[in-house]
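Here's the structure, in structure tokens; my notes come after.
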Amino acid sequence: MKRILSLAFLVSAFSFQDLKADSRDMFNFEIDEVNTELAQVEELDQYLDQNENVSFAELQVTNSALVANVSDQAMMSPAMAKRHRVLGIPSWIWGCVFGVAGVAIVYFVSENKDETKEALWGCVGASVVGIILYFAVFAAAATSAASTI
Amino acid sequence: MGGNFTFIPIALKRILTGLLLVFLCQAAMAQDFYRISGNFSIKSKDDSIYSLTRGSFYYDLNFKKVVYELTFPEKEIWVLSDSMIFRMRGDTLFEKTEGASIVEFSIFHLILNNKLHDYGLKESIYNLKEVEKKRDMIIYTWAPPMVMSSMLGKVLLSQQDKRLYGLIFLNKDEEVLRKQFFRSYTNISGLEFPSEIVDLVYVEGLEIVQKTNYKNIKVNESGNNAMYNYPIPE
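Written out as structure tokens, the structure reads:
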């Protein structure tokens, strides 16, 4: 059963790309294209070979070009790209739409601090927008009431 | 005549010595591999965001835990056990994720068990449906059992020089979900290890590119037990 689940996980954790070709051609790929795609992090990797104890945070301060567009999160598997999302919905939407309850759902389901933080920002953002709207509506109503009097 | 009699035992002796040498070599090659460690570097690009993860890995067949000691982007320990992934920073458990058993499909487990060439599919629920020789490759088509064919798709596995070269995971409509390529094999004390793995994953119309490089591979390392059997927090 475990093997079934494992294979199902390996296969179903991803979406798909349409490709119908000869089976040998399906195994064609260009390593040069992959290397070009990853050239920026290759440079960072080589830098770290020479400077092993440098952290991401230190690089951000001192050599930001090397970590531009580089995530500060460890990525062990491509499956992680959507791993933490509760029901596949971005965490900030949970916080934004369901408020504190959304944050709690993300916290308990994903058990991930970064996702919870994202949900919290969604919640805070929605609250700030709500407050601004409230005051804007209140001010507009007050202005129209004053002009009526 | 007498010369012929002496020739035969000498020739026989040479043959026997040769056979003994072959046997000893095979016995040495067939030694049990139970432990593997080394350094890794994982580079990936997901849409426009890059990622680099570096560190060391440890795996022992007796403990069945894949332990990653990350040095970048942050110092962390990851322990992949039977059905859980634990992330620790310092002594603090940072994250605990439940999932399917991924240890048995880790390349470390497959390599130590001499199953990488078929990715362990031979002993899985998948059935071998087709074997084709296409130019320089042998391509095996593995299909899920009928009862699961509405859920799972086929897996295409290719070998070059009897080594695993590529894997293609398809969905039930035969669309590609993921491709993996195993490259630059090195022989470490008789164990074949792909020092580069390229992963192409297709998610929601996007292609995620990932390249993993391994170096400083050690087999059957003595000592360092604490890392191979890293304690999992309660």
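Taken in order, these protein sequences are the chains called A and B. Take 7 as the starting number for the first sequence in the working numbering and just add one per residue. Take -19 as the starting number for the second sequence in the working numbering and just add one per residue. From the three backbone atoms N, C-alpha and C, an ideal C-beta is built for every residue, glycine too. Here the structure is a predicted model, which is why all the values come from computation and not from measurement.
- Glu56(B) places its beta carbon less than 8 Å from that of Ala80(A).
- Residues of chain A with a Cβ closer than 8 Å to the Cβ of Arg15(B) do not exist, since the nearest Cβ in that chain sits about 21 Å away.
- For Leu171(B), the uninterrupted beta strand (DSSP E) segment begins and ends at Leu171 to Val183.
- DSSP, reduced to helix, strand and coil, places Ile138(A) within a helical segment of the structure shown.
- Residues Leu72 of the same chain have their beta carbon placed closer than 7 Å to that of Tyr53(A), with the five preceding and five following residues left out of the count.
- Per DSSP, Gln190(B) is one residue of the beta strand (DSSP E) stretching across Leu186 to Val199.
- One Cα belongs to Leu108(B), the other to Gly146(B), and the distance between them is close to 16 Å.
- Under DSSP, Arg15(B) takes part in a beta bridge, and its partners are Asp40(B).
- In its chain, beyond the 5 residues on either side, Cys102 have a beta carbon closer than 6 Å to the beta carbon of Ala132(A).
- Cβ atoms of Leu60(B) and Lys45(B) come within 8 Å of each other, at about 7 Å.
- The beta carbon of Leu90(B) is closer than 6 Å to those of Leu96 and Gly100 in its chain, skipping five residues each way along the sequence.
- In this structure, the beta-carbon distance from Ala125(A) to Val135(A) does not fall below 8 Å.
- Taking C-beta separations shorter than 7 Å and ignoring five residues to either side along the sequence, Ala206(B) has no partners in its chain.
- The beta-carbon of Ala71(A) is placed no less than 8 Å from the nearest beta-carbon of chain B.
- With respect to chain B, the C-beta atom of Ala80(A) has a partner C-beta closer than 8 Å.
- Residue Gly133(B) holds the alpha-carbon nearest to the alpha-carbon of Leu157(B) among Leu137(B), Gly133(B) and Ser164(B).
- Our two residues, Ala110(A) and Met64(B), have alpha carbons roughly 22 Å apart in a direct line.
- When CB distances to chain A are screened at a threshold of 9 Å, the residues of the region 49 to 60 of chain B falling below it are Leu50, Thr51, Phe52, Pro53, Glu54, Lys55, Glu56, Trp58 and Leu60, in chain order.
- Arg34(B) has a beta carbon lying within less than 8 Å of a beta carbon in chain A.
- Contact annotation: the region 184 to 194 of chain B touches the region 33 to 52 of chain A, with at least three C-beta pairs closer than 8 Å.
- Cβ atoms of Gly35(B) and Glu54(B) stay farther apart than 8 Å, at about 10 Å.
- Interface criterion met: the Cβ of Glu43(A) is under 8 Å from a Cβ in chain B.
- Counting only runs of 3 or more residues that sit fully inside the region 49 to 114 of chain B, the beta strand (DSSP E) segments are 56 to 60, 64 to 69, 72 to 78 and 107 to 114, in chain order.
- Across the set Phe52(B), Asn42(B), Ser31(B) and Arg15(B), the C-alpha of Phe52(B) shows the shortest separation from the C-alpha of Asp55(A).
- Classified as buried, Arg15(B) has 16 or more neighbouring CB atoms from the shown chains inside 10 Å of its CB.
- Within the DSSP secondary-structure output, Ile37(A) pairs in no beta bridge.
- Residues of chain B with a Cβ closer than 7 Å to the Cβ of Glu48(A) are, in chain order, Lys23.
- Distances from the CA of Ile29(B) to each of Val76(A), Thr149(A) and Ala152(A) were compared; the closest alpha carbon is that of Val76(A).
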